[in-house]
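*Asks:* 1 is the number of the first residue of the sequence shown in the numbering used here; add one for each residue after it.
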Amino acid sequence: MNKILVTGGLGFIGSHTVVELQNKGYQVVIIDDLSNSSEDVLDGITAITGKKPLFEKLDLKDKAGVESFFAKHNDVKGVIHFAASKAVGESVQEPLLYYENNIGTLVYILKELKKLPSAAFIFSSSCTVYGQADELPITENAPVKQAESPYGNTKQIGEEIIKDTCKVVPTLKAIALRYFNPVGAHETAEIGELPIGVPQNLVPFITQTAIGLREELSVFGDDYPTPDGTCIRDYIHVVDLAKAHVVALARLLENKNKENFETFNLGTGTGSSVLEVVKSFEKVSGEKLNYKIVGRREGDIISAYADTNKANDELGWKTTLSLDDAMRSAWKWEQKVRGA
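#1: Leaving out five residues before and five after SER322 in sequence, what residues of the same chain have Cβ atoms less than 8 Å from its Cβ?
#2: Relative to the C-alpha of ASP307, which residue among ASP325, LYS292 and ARG233 is closest?
#3: Going residue by residue through the segment 194-223, where are the continuous alpha helix (DSSP H) segments of at least 4 residues, counting only ones entirely within it?
#4: Start and end of the beta strand (DSSP E) containing PHE70?
#5: Out of GLY14, GLU20 and LYS51, which has the shortest C-alpha to C-alpha gap to SER38?
#6: To which residues does DSSP link SER126 through a beta bridge?
#7: One question on the structure: do GLU20 and LYS243 come within less than 7 Å of each other, judged by their Cβ atoms?
#8: Buried or exposed: which applies to THR349, given that a residue is buried once 16 or more other Cβ atoms fall within 10 Å of its Cβ?
#9: For GLU160 and ALA248, I'd like the C-alpha separation in whole angstroms.
#10: Please report how far the alpha carbon of GLY339 lies from the alpha carbon of HIS16, in whole angstroms.
#11: So within the segment 86-148, which uninterrupted alpha helix (DSSP H) runs reach at least 4 residues, ignoring any that extend past its ends?
#12: In chain order, what residues of the same chain lie with their CB nearer than 6 Å to the CB of ALA84, ignoring the 5 residues before and after it?
#13: By DSSP's criteria, ASN265 is part of a beta bridge. Which residues make up the other side?
#14: Quick one: residues in its chain with C-beta nearer than 8 Å to the C-beta of LYS51, no 5 flanking neighbours on either side, listed in chain order?
#15: Just confirm the distance between the C-beta atoms of MET327 and PHE281, as a whole number of angstroms; I'd bet it's less than 8 Å.
#16: Under a Cβ-count criterion, where at least 16 other Cβ atoms within 10 Å of its own Cβ denotes burial, should ASP223 be classed as buried or exposed?
#17: Can you tell me whether PRO137 is buried or exposed, with buried defined as 16 or more other CB within 10 angstroms of its CB?
#18: Using the rule of at least 16 other Cβ atoms within 10 Å of the residue's Cβ for burial, across every protein chain shown, is ASP325 buried or exposed?
#19: Determine the direct distance from the alpha carbon of PRO195 to that of LEU202, and round the result to whole angstroms.
#20: Looking only at its chain, what residues have a beta carbon closer than 8 Å to the beta carbon of VAL219, apart from the 5 residues adjacent to it on each side?
#21: Please check the pair LYS155 and THR128, which I expect to be a contact at CB under 8 Å, by giving their CB distance rounded to whole angstroms.
#22: Less than 7 Å between the C-beta atoms of PRO150 and SER91, yes or no?
#23: Using a threshold of 7 Å, state whether the C-beta atoms of GLU56 and ILE31 are closer than that.
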């Protein structure tokens with residue numbers, strides 16, 4: 001039973017990935033500093049899988065703490081690294097906080113993995129590295145554009161650090177997974193997306209508006225060059241996304257990788273507009289959503305959706321859940337959280 005470290009394992013994507021890892025028989029250790037998550041998530045993971053993962057509360061900026069963790073868990077075979085600050089707007093206001101938390105911590109982990117006889121490393125990257133792509137759908141060969149924010153820049157720099165390290169550390173194999181827009185929740189409603197404060201993402205803002213926590217949803221711009229004038233994104237169900245991490249990890253552990261550092265886009269391959277997401281929610285929930293069209297938001301790209309051929313062919317992974325599935329599960333989760 002391979003022991004796998006999941007950093008940020010109590011967060012939205014991390015917790016769903018822990019569930020899928022445990023379902024496949026991996027022994028999971030979670031590191032989380034609880035800055036944007038709750039220890040209660042452990043109960044949800046346990047309820048779904050029937051086993052409680054090991055958990056260590058640790059701030060990865062604590063270099064000595066990271067060293068002592070790996071001294072204690074020197075049998076770790078792989079790391080899935082989610083832990084990072086991720087609010088675009090905040091990163092513009094607090095760039096040094098983002099560089100310290102997203103880059104410094106990555107370096108500390110890679111330094112420890114370098115000491116192991118072999119290690120598999122999965123990096124939580126993002127389609128933000130592509131910016132407004134010249135061609136759609138976006139393939140892995142699309143040029144990495146200058147980042148629009150310090151957050152996006154940390155993902156670009158992170159990938160470069162891993163790639164440079166893999167060149168000189170033959171015992172380290174890594175995959176960067178560039179996600180598009182993760183949404184939804186586990187069908188059991190035991191775990192889901194739980195933003196602290198005002199949600200930065202569309203779907204939790206929709207569900208919080210529908211349940212009465214927010215007054216209305218602002219749709220930023222309806223004058224984009226898209227069929228209904230609103231921005232288009234590739235919304236991927238978080239459970240499909242979590243399963244891709246398990247497949248990517250197995251690829252490295254079974255030495256099926258073609259290079260020491262590989263990148264894969266994770267999306268559905270289909271773009272949905274903001275208004276299409278709203279309509280999907282209204283359809284599956286039976287709720288009428290209070291929303292209004294407002295001006296464009298600075299920094300928003302018009303359209304982004306993935307070319308999934310590489311992930312489909314090389315990883316043998318495909319999405320199976322729809323936007324309606326995601327919205328239904330997100331609403332079920334919101335109702336549970338609010339006790340509705």
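Even for Gly, the Cβ is constructed at its ideal location relative to N, Cα and C.
These figures come from a predicted structure and were not determined experimentally.
*Replies:* Based on what the coordinates show:
#1: Walking along the sequence shown from the start, residue 322 turns up at place 322. Answer for SER322: HIS237, listed in chain order.
#2: Walking along the sequence shown from the start, residue 307 turns up at place 307. The shortest Cα separation from ASP307 among ASP325, LYS292 and ARG233 belongs to ARG233.
#3: 202-210
#4: Position 70 of the sequence shown, counted from the start, is the residue given in the question as residue 70. Counting along the chain, PHE70 falls outside any beta strand (DSSP E), though it belongs to the alpha helix (DSSP H) covering 63-72.
#5: By 1-based counting over the sequence shown, the position of residue 38 is 38. Out of GLY14, GLU20 and LYS51, GLY14 has the C-alpha closest to the C-alpha of SER38.
#6: If you number the sequence shown from 1, residue 126 lands on position 126. The partner list for SER126 (beta bridge, DSSP) reads TYR179.
#7: Reading the sequence shown from its first residue, position 20 is the one you call residue 20. Reading the sequence shown from its first residue, position 243 is the one you call residue 243. Closer than 7 Å, so yes.
#8: Residue coverage of the chain in this structure runs from 1 to 340, which leaves residue 349 outside it and unanswerable.
#9: For this step, residue 160 is matched to residue 160 along the sequence shown. For this step, residue 248 is matched to residue 248 along the sequence shown. Answer to the nearest angstrom: the Cα atoms are 19 Å apart.
#10: On the sequence shown, residue 339 is found 339 positions in, with the first residue counted as 1. On the sequence shown, residue 16 is found 16 positions in, with the first residue counted as 1. For GLY339 and HIS16, the distance between alpha carbons rounds to 21 Å.
#11: 88-93, 95-99 and 105-113
#12: Along the sequence shown, read from residue 1 onward, the residue named residue 84 stands at position 84. Setting aside the 5 residues that flank it on each side, ALA84 is surrounded in the same chain by ASN102, each with a C-beta closer than 6 Å to its C-beta; the list follows chain order.
#13: Here residue 265 refers to the residue found at position 265 when the sequence shown is read from its first residue. In the DSSP output, where bridge partners are listed per residue, ASN265 has ARG178.
#14: In the sequence shown, residue 51 corresponds to position 51, counting from 1. Counting only Cβ-Cβ distances below 8 Å, and skipping sequence neighbours, we find GLN22.
#15: On the sequence shown, residue 327 is found 327 positions in, with the first residue counted as 1. On the sequence shown, residue 281 is found 281 positions in, with the first residue counted as 1. That pair is a contact at about 5 Å.
#16: Working through the sequence shown from its first residue, we reach residue 223 at position 223. Classification of ASP223: exposed, given that the 10 Å Cβ count is below 16.
#17: As a first step, residue 137 must be located in the sequence shown, where it is residue number 137. Answer is buried; the Cβ neighbour count reaches 16.
#18: Locating residue 325 in the sequence shown gives position 325, counting from the first residue. Per the 10 Å Cβ criterion, buried.
#19: Here the question's residue 202 lines up with position 202 in the sequence shown. Here the question's residue 195 lines up with position 195 in the sequence shown. C-alpha separation (whole angstroms): 11 Å.
#20: By 1-based counting over the sequence shown, the position of residue 219 is 219. Cβ within range, chain order: THR230, VAL274, LEU275, VAL278, TYR291, LYS292, ILE293 and VAL294.
#21: Counting from one through the sequence shown, the residue named residue 155 turns up at place 155. Counting from one through the sequence shown, the residue named residue 128 turns up at place 128. LYS155 to THR128, Cβ: 6 Å. Contact.
#22: Locating residue 150 in the sequence shown gives position 150, counting from the first residue. Locating residue 91 in the sequence shown gives position 91, counting from the first residue. Yes, they are a contact pair.
#23: If you number the sequence shown from 1, residue 56 lands on position 56. If you number the sequence shown from 1, residue 31 lands on position 31. A contact, by the Cβ cut-off of 7 Å.
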